[in-house]
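Count the sequence shown with our numbering and you get residues 178 to 294, in order.
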Amino acid sequence: MQNTYLRYLQFVFSDAIHQRKQEALSATAIFLLNRIAVNEYEENPMTVNQAMTIHALGSPSNLHRKLDELREAEMIEVKSVGTNRRTKYLFITQIAYDYFNIKSKAMVKAIEKPLKA
178 MQNTYLRYLQ
188 FVFSDAIHQR
198 KQEALSATAI
208 FLLNRIAVNE
218 YEENPMTVNQ
228 AMTIHALGSP
238 SNLHRKLDEL
248 REAEMIEVKS
258 VGTNRRTKYL
268 FITQIAYDYF
278 NIKSKAMVKA
288 IEKPLKA
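Below you can see the structure in the form of structure tokens.
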């Protein structure tokens, strides 16, 4: 059986840098980081208010703690854009880009070197 996803996980788990970040962040924070990154990738950065309305991740107070967790881990930064200083946007940092780059490389390796049946 060839399971590319399991092979991908195997490569991801073997990376020490990724493991340290993965262990330092809660699963909810990682899910939130993924959402923030996708929004930024789509050139539609998420606002703090939008993040607070992701009900699948919990209450607004829980989401606020998760944003703090990501900020303290230096995975996101909060910025104002343009002249509107009231709306705060969420952006991933270079550390987060490096984290996602590790996952990207693991995905490519998993496709190139699948598990043998």
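Built from N, CA and C at the ideal position, the CB exists for glycine as well.
Computed from a prediction, not measured in an experiment: that's the story for all the values here.
Alpha-carbon spacing of residue i relative to residue j, whole angstroms
i: residue 235; j: residue 290; result: 38 Å
i: residue 286; j: residue 279; result: 11 Å
i: residue 256; j: residue 240; result: 18 Å
i: residue 251; j: residue 237; result: 21 Å
i: residue 221; j: residue 201; result: 27 Å
i: residue 205; j: residue 263; result: 26 Å
i: residue 226; j: residue 281; result: 29 Å
i: residue 203; j: residue 260; result: 34 Å
i: residue 198; j: residue 183; result: 20 Å
i: residue 208; j: residue 258; result: 24 Å
i: residue 193; j: residue 242; result: 26 Å
Close-in-space but distant-in-sequence residues of the same chain around residue i (CB under 8 Å, 5 per side omitted)
i: residue 253; result: 210, 213, 244, 247, 267, 268, 269, 270 and 273
i: residue 190; result: 196
i: residue 228; result: 209, 212, 213, 240, 244 and 267
Beta-carbon proximity of residue i to residue j, cut-off 8 Å
i: residue 284; j: residue 218; result: no
Contact belief for residue i with residue j at Cβ below 8 Å, rounded distance in angstroms
i: residue 265; j: residue 230; result: 14 Å between Cβ atoms; not a contact.
Contacting residues, own chain, Cβ-Cβ under 7 Å from residue i (five flanking each side not counted)
i: residue 188; result: 283, 286 and 287
i: residue 216; result: 222 and 223
Residues of its chain near residue i, where Cβ-Cβ distance is below 6 Å and the 5 sequence neighbours each way are ignored
i: residue 276; result: 198
Curious, which full-length alpha helix (DSSP H) runs of at least 4 residues does the stretch 180-205 contain?
-> Entirely contained in the stretch 180-205, the alpha helix (DSSP H) runs reaching 4 residues are, in chain order, 181-190 and 193-201.
Taking the runs of the beta strand (DSSP E) that are 3 residues or longer, which of them lie wholly in the stretch 219-247?
-> Counting whole runs of 3 or more residues, the stretch 219-247 contains no beta strand (DSSP E) stretch at all.
Which runs of the beta strand (DSSP E) spanning at least 3 residues fall entirely within the stretch 245-285, listed in chain order?
-> For the stretch 245-285, whole beta strand (DSSP E) runs of length 3 or above, ordered along the chain, are 253-258 and 261-269.
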